[in-house]
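Asker: Pasting a structure here, questions to come.
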Ligand SMILES: [Fe+2]
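Shown next as structure tokens:
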């Protein structure tokens, strides 16, 4: 596991070249795999966590843009921290969820047993922090606005 806190900067090219008008193979047993996209605009990929429980979540990520998740196979639970409070979202098949809060995910039935289709930008920044760090930052933010 990499050290926290840290920031990751994604810049184009952030997805593989694709043969147009051809089916794209989905990855097998990969945590995250970008599939294709439109340079400087969007990219899509498949998210399939290796971890299988909330206990295994060490870090939460937050992007500087929204990220859309839609379950396409198996089971996958997102964990989000909103206003200093942690909440789990059990994704439902074919029901998209747009996420802006710090988040993580796990497959409750075992490593890589769920797959979500993800839409995000081609270029964005991500901050990785512990739950405690996000919670205290959000609470401080709420106090400033009170
Ligand atoms: Fe994310």
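In this note's numbering, the protein residues as written are 282 to 427.
Using N, Cα and C, we set each Cβ at its ideal position, and we do this for glycine too.
With distances taken from each beta carbon to the nearest heavy atom of ligand 1, which residues come in below 6 Å, in chain order?
Answerer: 342, 344, 348 and 384
Asker: May I ask which residues mark the beginning and end of the beta strand (DSSP E) holding residue 397?
Answerer: 396–402
Asker: I need the DSSP call for residue 335, collapsed to helix, strand or coil.
Answerer: Here residue 335 sits in helix by DSSP.
Asker: Between which residues of its own chain and residue 380 is the CB-CB distance below 6 Å, once the five residues before and five after are set aside?
Answerer: 348
Asker: Using only the alpha-carbon positions, how far apart do residue 288 and residue 403 sit?
Answerer: 16 Å
Asker: How many angstroms separate the CA atom of residue 279 from the CA atom of residue 414?
Answerer: For residue 279 there is no data in the structure shown, the boundaries of the chain being 282 and 427.
Asker: Which same chain residues end up closer than 8 Å to residue 391 when comparing Cβ atoms and leaving out the 5 residues on each side of it in sequence?
Answerer: 333
Asker: Does the distance from the CB of residue 395 to the CB of residue 295 come in under 8 Å?
Answerer: With contacts defined as CB atoms closer than 8 Å, residue 395 and residue 295 fail to qualify as a contacting pair.
Asker: Consider the C-beta atom of residue 369 and the heavy atoms of ligand 2; say whether any pair is separated by less than 7 Å.
Answerer: With respect to ligand 2, the structure offers nothing, as its ligand set consists of ligand 1.
Asker: Give me the Cα-Cα distance between residue 291 and residue 345, rounded to the nearest whole angstrom.
Answerer: Going from the Cα of residue 291 to the Cα of residue 345 covers about 11 Å.
Asker: So, for residue 418: in the same chain, excluding its five sequence neighbours on each side, which residues have a beta-carbon less than 8 Å away from its beta-carbon?
Answerer: Cβ within range, chain order: 410.
Asker: Taking all protein chains shown into account, decide if residue 303 is buried (16 or more other Cβ within 10 angstroms of its Cβ) or exposed.
Answerer: Under this definition residue 303 is an exposed residue.
Asker: Could you check the C-alpha separation between residue 442 and residue 424 for me, to the nearest Å?
Answerer: Because the chain here runs from 282 to 427, residue 442 falls outside it and cannot be looked at.
Asker: Spell out the partners DSSP gives residue 369 in its beta bridges.
Answerer: 360
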